[in-house]
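One structure is given here, and the rest of the page talks about it.
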Amino acid sequence: MALQQIQELLGEQADFLLNHSCKTIDKKQIHVPSPAFIDDIFIPSNRNPQVLRSLASLFGHGRLANTGYLSILPVDQGIEHTAGASFAPNPLYFDPENIIRLAIEGGCSAVATTFGNLALLSRKYAHKIPFLVKINHNELLTYPTKYDQIMFGSVEEAWNLGATAVGATIYFGSEESNRQLVEVAAAFERAHELGMACVLWCYTRNVAYKKGGVNYETSADITGQANHLGATIQADLLKQKLPESNGGFTAINFSKSDPRMYTDLSSDHPIDLCRYQVLNGYNGRIGLINSGGESKGVADLAEAIKSAVINKRAGGTGLILGRKAFQRPFEEGIELLHLVQDVYLAKEITLA
Numbered sequence: 563m564a565l566q567q568i569q570e571l572l573g574e575q576a577d578f579l580l581n582h583s584c585k586t587i588d589k590k591q592i593h594v595p596s597p598a599f600i601d602d603i604f605i606p607s608n609r610n611p612q613v614l615r616s617l618a619s620l621f622g623h624g625r626l627a628n629t630g631y632l633s634i635l636p637v638d639q640g641i642e643h644t645a646g647a648s649f650a651p652n653p654l655y656f657d658p659e660n661i662i663r664l665a666i667e668g669g670c671s672a673v674a675t676t677f678g679n680l681a682l683l684s685r686k687y688a689h690k691i692p693f694l695v696k697i698n699h700n701e702l703l704t705y706p707t708k709y710d711q712i713m714f715g716s717v718e719e720a721w722n723l724g725a726t727a728v729g730a731t732i733y734f735g736s737e738e739s740n741r742q743l744v745e746v747a748a749a750f751e752r753a754h755e756l757g758m759a760c761v762l763w764c765y766t767r768n769v770a771y772k773k774g775g776v777n778y779e780t781s782a783d784i785t786g787q788a789n790h791l792g793a794t795i796q797a798d799l800l801k802q803k804l805p806e807s808n809g810g811f812t813a814i815n816f817s818k819s820d821p822r823m824y825t826d827l828s829s830d831h832p833i834d835l836c837r838y839q840v841l842n843g844y845n846g847r848i849g850l851i852n853s854g855g856e857s858k859g860v861a862d863l864a865e866a867i868k869s870a871v872i873n874k875r876a877g878g879t880g881l882i883l884g885r886k887a888f889q890r891p892f893e894e895g896i897e898l899l900h901l902v903q904d905v906y907l908a909k910e911i912t913l914a
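The C-terminal position of the sequence shown is numbered 914 in the numbering used here, with every residue numbered one higher than the one before it.
Rendered as C-alpha cells:
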C-alpha cells in the first residue's frame, strides 16, 4: 500500500499521526523492532534455545517475516463474547478451519485461538502456520455476568498440539487478579521449559476504573503498569488495548503515581500515550502488540490503519487484529489484514 493510500485512509488525522514528533520519551531510548530483535534482546536472556526457535518462528512467518513486526489473527471471541454474537456477521467462522485459512491467506505471523479449534486441525496446519493457543478465558454463561479468566487446558496439551506459543489473559485490578497472576506465571514458566513463547493479554478490569464518564481501563498509566507486571512474569510479548485516556491513578485516587508520568513521560497525543505503554514493557524489550478492537462496519479499515500507525510510530511490535477481519467476507478480511501489514512494511512510516 502506497503512503498516499495510508494518508487517504487517515483523512484529517494524517498529518496529526504521520508527522508527530515525540517530545516525551526519546526514540533513541526505545528498543525498536528490527530483523535482529531476537538476537539483540533474547539471546542474552534466560530463554532456552527452543523458546528462541519458537520466537523465530513467530517473527519469521507471514508477510512481515524478518522485519521485527508481527501480525496475529486472534479468534477466541467464541468464548469471550459468545459464538453467536461473534460469528453472526459471518457464520463461515463457526468452522475453525476457516479461521486458520484466514490467518494463512491473510499473511499473518500466527493464529491465536482456542484449544478446541486448534485440536481439530492440528495435524493439518501446525506445520503451516505458528499456533498460539489461548489457555484461559472468561466464560460468559454465568448469570449475573462475571469477569474471571479461568484455565481451559494445560500447557502440556498446547505443546501436544504443536503450539509455537501460549497466550493468556490476566484481568489486572479485578477481584480474582491475584489468583490469575499466580496461575499464569506458573503456566508461562512451564511453557518456557517446553520451548514455547508466551504472550500475555495485559487487560485491566474493575468497575471502579470507570469514573466521571471516563473508562480508565484503557488509561495509559493503568495499562502501562499492567504491561510492566506482564513483563515481570516473563511474557515474551504483551498484548494491550490502545490507550484512550490518562490519569487513571489520580482520577480514581489509588495506587501510586508521580506528576512527571503525565508531563515528562506522556502527553495527550495517542502516539505518546502508546509510547508510555512501550516504555513499561522494559523500554520495548518485551514487544507491545496492540489490539485491533471491535468491528464497527464501514470505519473498520480506517480505524485499523490508524491503530497500526500509532503502534508502529510509538515503538510497538504490531497488531493482534481479529473482529475487524473475520466479521466481514473472507476476501475482504484478507484485504484488511494485508493493508494493516503494509503499514509496517512502509519504510516512510518511522518511529516518532
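We put the beta carbon where it would ideally sit given N, CA and C, even for glycine.
Endpoints, alpha helix (DSSP H) assigned at residue i
i	result
residue 586	Element bounds for residue 586: n/a, residue is neither H nor E.
residue 613	611-621
residue 812	810-814
residue 794	782-794
Three-state class that DSSP yields for residue i in the structure shown
i	result
residue 831	coil
residue 731	strand
residue 573	helix
residue 605	coil
residue 859	helix
residue 628	coil
residue 819	coil
residue 884	coil
residue 889	coil
residue 594	coil
residue 799	strand
residue 679	helix
residue 909	coil
residue 777	strand
residue 581	coil
Local Cβ density within 10 Å of residue i, reported as buried at 16 or more and exposed below that
i	result
residue 588	exposed
residue 737	exposed
residue 725	buried
residue 822	exposed
residue 801	buried
residue 859	exposed
residue 685	exposed
residue 705	exposed
residue 699	buried
residue 728	buried
residue 605	exposed
residue 786	buried
residue 797	buried
residue 677	buried
residue 577	exposed
residue 817	exposed
residue 934	The question about residue 934 has no answer, for the chain in this structure spans 563 to 914.
residue 748	exposed
residue 845	exposed
residue 775	exposed
residue 567	exposed
residue 616	buried
residue 671	buried
residue 703	exposed
residue 834	buried
residue 742	buried
Host beta strand (DSSP E) of residue i (start-end)
i	result
residue 845	Careful: residue 845 lies outside any beta strand (DSSP E) and carries neither H nor E.
residue 765	759-766
residue 804	Careful: residue 804 lies outside any beta strand (DSSP E) and carries neither H nor E.
residue 675	672-675
Cutoff 7 angstroms: residue i Cβ touching any chain B Cβ
i	result
residue 841	Here there is only one protein chain, and chain B is not present.
Heavy atom of the ligand NAD within 6 angstroms of residue i beta-carbon
i	result
residue 664	This structure lacks the ligand NAD, and indeed carries no ligand of any kind.
task: Note down, one range per segment and in chain order, each alpha helix (DSSP H) of at least 4 residues found wholly within the stretch 633-670.
output: 639-642, 645-649, 658-667
Review point. Taking one C-beta from the stretch 725-741 and one from the stretch 700-714 each time, how about it: are there three or more such pairs within less than 8 angstroms?
Key: Contact holds: three or more Cβ-Cβ distances are below 8 angstroms.
Q.
Extract the residue ranges of the beta strand (DSSP E) inside the stretch 686-746, only unbroken runs of 3 or more that lie entirely within it.
A. 693-696, 727-734
Check your understanding: Are there three or more Cβ pairs, one per stretch, closer than 8 angstroms when the stretch 711-720 is compared with the stretch 746-760?
Key -> yes
| Between the stretch 766-781 and the stretch 802-817, do at least 3 Cβ pairs fall closer than 8 angstroms? | yes
| query | Can at least three beta-carbon pairs, one atom from the stretch 594-610 and one from the stretch 852-869, be found at a separation below 8 angstroms? | reply | no
Using 8 angstroms as the Cβ pair cut-off and three pairs as the minimum, do the stretch 616-632 and the stretch 766-777 touch?
The answer is no - the stretch 766-777 does not touch the stretch 616-632, with fewer than three Cβ pairs under 8 angstroms.
Exercise. Using 8 angstroms as the Cβ pair cut-off and three pairs as the minimum, do the stretch 863-874 and the stretch 637-649 touch?
Worked result: no
Stretch pair the stretch 897-908 + the stretch 646-663: three plus CB contacts closer than 8 angstroms
no
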